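Visitor:
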RNA sequence: GGACGGUUAGCUCAGCGGUAGAGCGCUGCAUUCACAUUGCAGAUGCCACAGGUUCAAAUCCUGUACCGUCCACCA
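In my numbering, the protein residues as written are 1 to 724.
#1: May I ask which residues mark the beginning and end of the alpha helix (DSSP H) holding residue 122?
#2: Write down the C-beta distance between residue 199 and residue 269 rounded to the nearest angstrom, noting that I regard them as a contact closer than 8 Å.
#3: Return the bridge partner residues of residue 409 from the DSSP annotation.
#4: Kindly indicate which three-state DSSP category residue 37 falls into: helix, strand or coil?
#5: So does the region 633–646 actually touch the region 555–567, counting three or more Cβ pairs closer than 8 Å?
#6: How many angstroms separate the CA atom of residue 417 from the CA atom of residue 158?
#7: Would a C-beta distance cut-off of 8 Å place residue 91 and residue 48 closer than the cut-off?
#8: Please name the residue, chosen from 412, 316, 375 and 289, that lies closest to residue 352 on a Cα-to-Cα basis.
#9: Going by C-alpha to C-alpha distance, which of 678, 581 and 716 sits closest to residue 656?
#10: How many angstroms separate the CA atom of residue 154 from the CA atom of residue 323?
#11: Between which two residues does the alpha helix (DSSP H) harbouring residue 703 extend?
#12: Under the rule that 16 or more other beta-carbon atoms within 10 Å means buried, what is residue 727, buried or exposed?
#13: Is residue 693 buried or exposed, if buried means 16 or more other CB atoms sit within 10 Å of its CB?
#14: Tell me which residues share the same chain as residue 728 and place their Cβ nearer than 6 Å to its Cβ, disregarding the 5 neighbours each side in the sequence.
#15: Mind listing, in chain order, the continuous alpha helix (DSSP H) runs of no fewer than 4 residues lying wholly within the region 52–79?
#16: Where does the unbroken beta strand (DSSP E) through residue 251 begin, and where does it stop?
#17: Just to confirm before moving on: does the CB-CB distance between residue 279 and residue 138 stay below 8 Å?
#18: Residues in its own chain within less than 6 Å of residue 707 by CB, not counting five upstream and five downstream?
#19: Go through its chain and collect everything with a Cβ distance to residue 160's Cβ below 7 Å, but skip five positions before and after it.
#20: Let me know the secondary structure DSSP gives residue 142 once reduced to three states.
#21: Quick one: what does DSSP say residue 714 is sitting in, helix, strand or coil?
#22: Would you call the region 418–433 and the region 461–474 in contact, with 3 or more CB pairs under 8 Å?
#23: Just list the residues that DSSP pairs residue 243 with in beta bridges.
#24: Just how far apart, CA to CA, sit residue 396 and residue 305?
#25: Compute the Euclidean distance between the alpha carbons of residue 60 and residue 46, then round it to the nearest angstrom.
#26: Mind pulling the alpha helix (DSSP H) runs of 4 or more residues that sit fully within the region 415–471?
#27: Between residue 194 and the rest of its own chain, which residues show a CB-CB distance below 8 Å, the 5 nearest in sequence each way excluded?
#28: Is residue 604 helix, strand or coil when you go by DSSP?
#29: Could you give the distance in angstroms between the alpha-carbon of residue 690 and the alpha-carbon of residue 696?
#30: State the Cα-Cα distance for the pair residue 486 and residue 388, rounded to the nearest angstrom.
#31: Report back the beta-carbon spacing between residue 626 and residue 654 to the nearest angstrom; my notes put them in contact at under 8 Å.
#32: Going by alpha carbons, who is nearest to residue 94 out of 498, 180, 370 and 169?
#33: Can you find the residues in the same chain that come closer than 6 Å, C-beta to C-beta, to residue 527, ignoring five residues on each side of it along the sequence?
#34: Within 10 angstroms of the Cβ of residue 377, are there 16 or more other Cβ atoms? Answer buried if so, exposed if not.
#35: Please report the residue range of the alpha helix (DSSP H) in which residue 647 lies.
#36: To the nearest angstrom, how far is the alpha carbon of residue 726 from that of residue 219?
Listed below in structure tokens is the structure:
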């Protein structure tokens with residue numbers, strides 16, 4: 001007799017089953033046959049343990065992988081970890097701070113080494129977490145974004161793009177975080193509404209408005225709209241004298257259409273070094289650009305007596321001075337406007353002119369192909385890439401259409417160094433992939449300086465699907481690329497998905513994946529975003545300890561449509577634990593019948609308990625088998641169309657409210673009747689087997705465990721998906 | 001300033017053209033016979049509002065209200 005314990009105990013099952021799977025080798029597609037089906041795992045950041053968002057992503061990906069494996073595909077799910085340059089450096093610097101250390105007191109090498117060790121530890125922790133989630137990914141292909149093979153590929157891409165003229169270095173204005181001392185992409189900044197005073201000052205014959213008097217020291221251009229009738233008597237290029245903060249200056253009139261006639265007085269002075277719009281105006285008219293604020297947010301000598309002051313500290317003092325000079329006209333106290341902040345630390349962004357490397361998004365390729373942006377948009381038009389979470393497609397297109405060049409250099413230490421040297425003598429830019437070049441190829445000087453910057457982490461992860469496969473073996477790239485699905489959170493649609501599509505087309509002329517499935521954010525039960533500072537972060541491993549992996553997985557999938565955010569309620573997980581137990585007890589009931597139990601214990605006649613469809617003898621039999629058939633069909637269709645939650649709901653309903661509530665109850669009577677016994681047992685057995693298969697992608701542990709009690713020779717994870 | 005989404009049972013959410021659904025909660029009954037991590041039965045909904053299309057609308061269209069999100073950012 002096979003006897004099951006009275007209740008399902010996930011803690012005794014999960015590790016054991018995972019070890020069996022690992023040992024089986026079926027996570028590795030080299031041990032499978034069929035047409036490839038590939039998902040590249042979005043590599044978790046190596047700076048923190050897994051959160052529930054990861055659990056959701058991993059669950060969805062594992063469901064897809066397990067389903068397709070059972071459909072006979074050669075499935076590859078490739079795991080990895082991201083060094084997550086800026087993010088990790090921020091986390092690590094905070095850690096240093098707590099320990100009373102600072103990167104500014106360490107050498108770059110010391111810092112890198114310490115950060116490396118930190119990341120290696122976390123990497124291990126998050127890999128263990130992925131295993132506990134039941135992820136059937138191929139660990140033999142596990143990849144880290146700082147693996148030497150990956151860096152090599154990233155460098156080659158950089159060189160190729162440079163040679164193709166897509167990558168350039170420019171000293172234009174960028175978003176500068178004075179705390180982190182690095183430039184940031186637009187995406188890495190956020191806006192916040194602030195109410196601040198808005199000042200009107202006399203500037204020669206004009207009145208100008210500003211919220212930032214501290215930037216105004218060097219202002220010697222006064223700009224107005226060419227069509228503004230109020231100012232027709234001033235001509236472009238006119239010089240006039242004005243008394244200003246630190247004495248008289250000569251101002252030049254500039255006419256530019258960027259000025260909004262409706263705003264303020266319609267006249268402004270500009271600070272090209274610290275404002276993107278002013279910078280553009282200055283470029284258009286070839287005006288002088290003077291730096292007023294240093295990279296730490298302090299005023300430079302041009303500020304005279306205010307030199308060295310932090311800008312916010314200087315602001316009221318400057319206003320006071322202008323007031324004393326009777327140049328202050330009025331103050332609007334409640335001026336509302338948006339200020340730009342660093343998305344990580346919330347520091348005010350101080351635009352600065354710092355040379356950065358950029359990738360052109362809109363330049364046509366030298367081989368005649370369209371720009372990176374246009375190739376990505378074409379991929380959408382031609383359905384080479386489909387965003388299955390439909391509502392994001394418009395958002396995606398809109399963003400792509402308005403995309404700006406991508407700054408890929410960061411002034412941070414943790415990351416892949418930019419493989420470039422500059423000749424101090426002749427100024428030549430030298431690409432040096434292996435750090436081998438010692439003399440300038442142009443002037444032979446040995447006075448070379450390394451580029452101090454590292455790549456934006458998305459520059460390397462943007463090549464991830466291509467690079468991970470190629471890094472492992474060229475044949476992998478041939479077999480598994482393009483991949484089938486990219487499953488990730490909508491919050492990195494622009495950061496990552498967009499870049500992967502562009503980079504992939506650039507490098508291979510193929511899409512990196514056919515479908516993009518975007519899941520929502522997991523929020524807490526009050527719909528708040530989870531964050532460490534709010535203290536509402538749910539640790540998925542803690543939940544697994546209490547309720548089991550299967551319960552967590554089913555709760556995450558159940559009744560949440562793709563792309564919608566999920567408030568994670570513990571009650572729901574608890575309910576799903578009950579469901580796992582229900583399934584367990586169904587199996588217990590089925591196995592309580594001696595014939596089935598003996599068959600399972602010894603391996604009896606397959607004819608007696610056919611795995612193929614049994615014959616129905618009663619209405620109850622007919623009914624359950626028919627409903628089972630419908631269920632197989634509809635849940636298969638749901639899975640094919642990424643409606644995982646609907647599949648989950650239908651299976652749940654069938655198992656509990658059809659199979660258990662109705663059929664098992666009816667079977668109790670039928671089993672008393674010798675004439676009906678055999679067919680009843682067959683129906684019970686067949687239905688249970690089928691349900692286990694359908695449920696396996698969602699709840700892999702409990703189903704595999706029950707399956708093993710039924711003494712099936714093969715593992716459930718590679719059992720054939722039911723037919724209909 | 002642009003765009004997108006939401007508004008369904010007490011709470012959290014599915015459903016998106018054909019008799020209103022799930023989890024949790026609630027009420028009553030049952031309980032040595034798979035399961036108290038239970039079963040059975042039940043209550044709870046003008047599916048935001050107003051128009052329209054249709055034989056038929058929670059589901060499609062238009063508009064309104066209120067929530068939410070993304071993008072762009074005017075000195």
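Note that the Cβ used here is the ideal one computed from N, Cα and C, for glycine as well. A quick note: this is a predicted structure, and the numbers were derived from the prediction, not measured.
Guide: Checking against the coordinates, here is how it stands:
#1: 108–132
#2: Between residue 269 and residue 199 the Cβ distance is about 12 Å, and since that is not below 8 Å, they are no contact.
#3: 455
#4: strand
#5: yes
#6: 12 Å
#7: yes
#8: 289
#9: 581
#10: 56 Å
#11: 700–709
#12: Nothing about residue 727 can be read from this structure; the chain reaches only from 1 to 724.
#13: buried
#14: The chain is shown from 1 up to 724; residue 728 falls before or after that span and cannot be answered.
#15: 52–70
#16: 247–255
#17: no
#18: 692 and 716
#19: none
#20: coil
#21: coil
#22: no
#23: 248
#24: 49 Å
#25: 21 Å
#26: 457–461
#27: 336, 337, 338 and 339
#28: Residue confidence for residue 604 is low, a pLDDT of 49 falling below 50, so the modelled location carries little weight; the figure read from the coordinates is stated next. Reduced to three states, the DSSP call for residue 604 is coil.
#29: 10 Å
#30: 10 Å
#31: That pair is no contact at about 12 Å.
#32: 180
#33: 567
#34: buried
#35: 644–653
#36: Because residue 726 is not part of the residues shown, which for the chain are 1 to 724, the question remains open.
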